[in-house]
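S.K.: Below is the structure I would like to discuss, written out as structure tokens.
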Amino acid sequence: MREVYVVGIGITSFSRLEYPLVEIAGYPAMMALKDAGLSSVDHVYVANMGAGRLNKQTGLASAVVDHLALTPAGAEAIENGPASGASAIKQGYMAVASGLHDTVLVTGAERMRAANSLETTDFVATLTHPLAEYIYGVTLPSLAGMFTRLYMDKYGVTSRHLSMVAVKAHANAMLNPFAHLHELITMDGIEDGPDAGTNNPMVADPLRFYDCCPVSDGGACLILATGEVAKKLKKPMVRLAGVGQATDTHAVHERKDPTEVTAVRLAAQQAFGMAGFKPSQVDVAELHDAFTILEIVESEEAGFFKKGEGHKALEKGLTKIGGQIPINTSGGLKAKGHPVGATGVGQAHEIVLQLRGEAGARQVKGAKRGFTCNFGGFGNNVVCLAFQREG
Amino acid sequence: MEIYGYQCSKCGHINYPNRTLCGKCKNNAFVPVPLPKAGKLLTFTRLSTLPGDFDVPEMTLGIVELSNGVRVTGQVEIPKPKMGMAVESTVQVVRKDEYNKYYGMVFRAK
Ligand SMILES: [Zn+2]
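Here the protein sequences come in this chain order: R and E.
To get this note's numbering, take the position in the first sequence, counting from 1, and add 23.
To get this note's numbering, take the position in the second sequence, counting from 1, and add 27.
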């Protein structure tokens, strides 16, 4: 297999965007082409989950490739729920590594706020098992709520720990001009103070409002290429060094131990195995914190901390910028936002920015190795990526 | 009315929900068996943002381990549920949309 490098990146603000989905996919792609210094690519992947239902548009890849004047390059859309983004990057990796293509553009885009919130809640809930979960009113927040209750009981995680994740995410997002939420929150405001109950009401107990990510529009793009192409383009050399993916039972209740997210562990092990480095050597990571509990759990399953100790590491500040392993420097899904199909590309964008040394006020000094975890469904389809700066 | 599990004719594992191949041994023949009514509430959540088909402000959902060890997800009608408590199900309409009624398990304290 050939080695694969990231040669161009681009992103939109994650927020409410008042322009068509094809432009949400197109704008970051235009920026990434400019960043790379390329005017054409061999192939295009578009990561998206909701176009057919929320935006009444199918065949999105054909629309995007034309919008970018990249025809006649081949183009496909990749739908893998909230893990669509990293899945599309994985497809791009395979295309370049295999020798099929030399340059591949991967753009993720979602326009969720075009629909009302009842419709969006139902749309995301269609990820759950149709007969064993969905019909009961099961949504992603409810699965996360039931999971959190078990996790608290087993490992001593408390609401305070969850709020610490949210406070850290919002603080990091203040340093990211593209983040959805620019709202500084405090432990006093959402946990300890007299107004905390009003500010932070229950959503799916024990999860509260500030434990859940916002509904965002947004797009992000990565251009992948061979080492030969990358050297000519003269951007900092960031290699996509490892990809991993694993699945789990569709219905959450069927898992042997419902407090384990086995697919994260397996996908991370694959990505690290391929990259040839260990979790302890990672300088910066983006984890899929659609709910605050997930940052804690994924930090354990990915191998940064022992099982049941993620919340203790958080308490010690090890996951802050300047800590041992800064997590979600972008603000994470919690505060940067979660345009579902685009999220995995957005995570990779942040890691590449960090490894290039271009992350500005939130830069992790000297970051050389990065990791992303993109979590689909409620842990039933997980894609992890490992990146390494060279030279 | 009953909700059925799908017992593998080869290894005896009860698959719920059903699947094309047995989750334990990959066999493809099953015998439908009614799921027991009684079980233990493993976890739950009180949900206050519901999809459009539900016209109630809040609803409790839970995962229950039934007396034969099979786990299921269902609605919970218990004012103050506790992890580990004994529960019992009835099968009733759990969701309605424009065209259909869907039947499923609702758990109450035993
Ligand atoms: Zn079997």
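Every residue, glycine too, gets a C-beta built ideally from N, C-alpha and C.
All figures in this text were calculated on a predicted structure; none of them were measured in a lab.
List, in chain order, every chain E residue whose beta-carbon is nearer than 7 Å to that of S165/R.
M.R.: Result: T72, L74, L88.
S.K.: Please give the ranges of any beta strand (DSSP E) in the region 38–72 of chain E, keeping only runs that are unbroken, at least 3 residues long and fully inside the region.
M.R.: Within the region 38–72 of chain E, the complete beta strand (DSSP E) runs of at least 3 residues are 57–61.
S.K.: Tell me the rounded alpha-carbon separation between E413/R and G250/R.
M.R.: Using only the alpha carbons, I get a separation of about 11 Å.
S.K.: Hey, F398/R and H276/R: beta-carbon distance below 8 Å or not?
M.R.: Against a cut-off of 8 Å, the Cβ pair of H276/R and F398/R comes out as no contact.
S.K.: With a CB to CB cut of under 7 Å and the five nearest residues on each side skipped, what residues in its chain are close to T352/R?
M.R.: Same-chain partners within the cutoff: N195, V307, I344, E373, Q377, A382, R385, V387.
S.K.: Distance cutoff 8 Å, beta carbons only. Does Y43/E sit that close to anything in chain R?
M.R.: Yes, contact with chain R.
S.K.: Between which two residues does the alpha helix (DSSP H) holding Y174/R run?
M.R.: It spans 163–178 - the alpha helix (DSSP H) in which Y174/R sits, taken as one unbroken run.
S.K.: Closer than 7 Å to a non-hydrogen atom of ligand 1 - does that hold for the CB of K37/E?
M.R.: Flag set: Cβ of K37/E near ligand 1.
S.K.: Spell out a yes or no on whether the region 101–119 of chain R and the region 263–283 of chain R are touching, meaning 3 or more CB-CB pairs, one atom from each, closer than 8 Å.
M.R.: Judged by Cβ distances under 8 Å, the region 101–119 of chain R makes contact with the region 263–283 of chain R, as three or more pairs qualify.
S.K.: Mind checking which residues open and close the alpha helix (DSSP H) that includes Q34/E?
M.R.: Note, Q34/E: premise wrong, no alpha helix (DSSP H); beta strand (DSSP E) at 31–35.
S.K.: Identify, in the order they occur along the chain, each residue of the same chain with its Cβ nearer than 6 Å to the Cβ of Y50/R, setting aside the five sequence neighbours on each side.
M.R.: Once the five neighbours on either side are set aside, the close Cβ partners of Y50/R are T35.
S.K.: Enumerated in chain order, which unbroken segments of the alpha helix (DSSP H) with a length of 4 residues or greater are wholly contained in the region 64–92 of chain R?
M.R.: The qualifying runs are 74–77, 83–90.
S.K.: Is there at least one Cβ from chain E nearer than 8 Å to E41/R's Cβ?
M.R.: Not one chain E Cβ lies under 8 Å of E41/R.
S.K.: Span of the alpha helix (DSSP H) holding M53/R?
M.R.: Unbroken alpha helix (DSSP H) run through M53/R: 44–59.
S.K.: CB-CB under 8 Å to T72/E, same chain, minus the five flanking residues each way: which ones, in chain order?
M.R.: Same-chain partners within the cutoff: T87, L88, G89.
S.K.: Between T285/R and the rest of its own chain, which residues show a CB-CB distance below 6 Å, the 5 nearest in sequence each way excluded?
M.R.: Excluding sequence neighbours, T285/R sits near D271.
S.K.: Would A167/R and F328/R be called neighbours here (beta carbons separated by less than 8 Å)?
M.R.: Contact: no.
S.K.: Does the Cβ of N54/E lie closer than 7 Å to at least one heavy atom of ligand 1?
M.R.: For ligand 1, at least one heavy atom lies less than 7 Å from the Cβ of N54/E.
S.K.: What does a CB cutoff of less than 7 Å around S186/R pick up in its chain, not counting 5 residues either side in sequence?
M.R.: Contacts found: M210, I213, E214, Y233.
S.K.: So which of I319/R, V190/R, P153/R has the shortest CA-CA distance to Y129/E?
M.R.: Considering only alpha carbons, the answer is P153/R.
S.K.: So does K51/E have its beta carbon nearer than 7 Å to some heavy atom of ligand 1?
M.R.: Checking the Cβ of K51/E against ligand 1 gives yes.
S.K.: So that I know if they touch, is there some Cβ in chain R lying closer than 8 Å to that of Y31/E?
M.R.: Chain R contact via Cβ: absent.
S.K.: Thinking just about the alpha-carbon of each residue, which of S38/R, D280/R, N139/R is nearest to the one in K177/R?
M.R.: When each option's Cα is compared against that of K177/R, the closest is D280/R.
S.K.: Among residues of its own chain, excluding the 5 on either side of N55/E, which ones have a beta-carbon nearer than 6 Å to its beta-carbon?
M.R.: L48.
S.K.: Restricting to runs no shorter than 4 residues, where is the alpha helix (DSSP H) found entirely within the region 308–396 of chain R?
M.R.: List check, alpha helix (DSSP H) in window: 315–324, 333–338, 355–358, 366–379.
S.K.: What three-state label does DSSP hand D280/R in the structure shown?
M.R.: The answer is coil: DSSP assigns D280/R none of H, G, I, E or B.
S.K.: Using CA atoms only, rank isn't needed, just tell me which of P78/E, V121/E, E104/E is closest to K137/E.
M.R.: Comparing Cα positions, the closest option is E104/E.
S.K.: So is the beta-carbon of H157/E under 7 Å away from any non-hydrogen atom of ligand 1?
M.R.: No information on residue 157/E is available, as it lies outside the stretch 28 to 137 that chain E covers here.
S.K.: Could you tell me the distance, in whole angstroms, from the CA atom of V99/E to the CA atom of Q119/E?
M.R.: If you take the alpha carbons of V99/E and Q119/E, they lie about 15 Å apart.
S.K.: If we ignore side chains and look at the alpha-carbon of each, how far apart do A390/R and G380/R end up?
M.R.: Cα to Cα, the separation comes out at about 7 Å.
S.K.: Cα-Cα, which of P362/R, E321/R, I246/R, I158/R is closest to K113/R?
M.R.: Answer by Cα proximity: I246/R.
S.K.: Would A48/R pass as a contact of L128/R if the rule is Cβ separation under 8 Å?
M.R.: Not in contact: A48/R and L128/R (Cβ atoms no closer than 8 Å).
S.K.: For Y126/E, go through chain R and note every residue whose CB falls closer than 9 Å to its CB, in chain order.
M.R.: Within 9 Å Cβ-Cβ: nothing; Y126/E doesn't reach chain R, min ~14 Å.
S.K.: At 7 Å on the CB atoms, spell out the chain R contacts of E77/E, in chain order.
M.R.: Checking the sequence, you will find Leu at residue 77/E rather than Glu. In chain order: G160.
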